[in-house]
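Numbering (my numbering), first residue to last: 349 to 464.
Ideal Cβ positions, reconstructed from N, Cα and C, are used throughout, including at glycine.
A short write-up of the structure that comes next.
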């Protein structure tokens, strides 16, 4: 029997600060929990700096998953740039955060501030 595989960060060690990442159920886009709901803009992601905020964000993600808005919400440990923008620590999450890599100047990822 196959094991149930859940999405989740692969980072070891300190898990904070973190953002909440998921996939939009209908569109399939990577989305981030922001101050006013889910957004495709990674620079608008709400950042948890403490365990209490992270727990609240996880609860919001679980509620959105139960409401069939998103699937597989999980906390992603991030480093903050000099401008305070969150950049995922693990390459898998960083690739999801940046969007398709073939033409970063085109598509949805071109609409947002670069994270580099």
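Between 403, 367, 421, which has its C-alpha nearest residue 373's C-alpha? Taking the first residue of the chain shown as 1, we reach residue 373 at position 25. Of the candidates 403, 367, 421, the one whose C-alpha sits nearest the C-alpha of residue 373 is 421.
Contacts around residue 419, its chain only, beta-carbon distance under 7 Å, and the 5 residues preceding and following it disregarded: Taking the first residue of the chain shown as 1, we reach residue 419 at position 71. Result list for residue 419: 370, 371, 373, 413, in chain order.
Practice problem: For my contact list, residue 319 and residue 394 are in at a C-beta cut-off of 8 Å; report their separation, rounded to the angstrom. | Solution: Within the shown structure, residues of the chain are numbered from 349 to 464, placing residue 319 beyond reach of any answer.
* Where the beta strand (DSSP E) containing residue 369 begins and where it ends -> Indexing the chain shown from 1 puts residue 369 at position 21. Counting along the chain, the beta strand (DSSP E) containing residue 369 begins and ends at 366-372.
With the cut-off set at 8 Å, would you say residue 445 and residue 390 are in Cβ contact? For the purposes of this step, residue 445 is taken as the residue at position 97 of the chain shown. For the purposes of this step, residue 390 is taken as the residue at position 42 of the chain shown. Going by C-beta atoms, residue 445 is nearer than 8 Å to residue 390.
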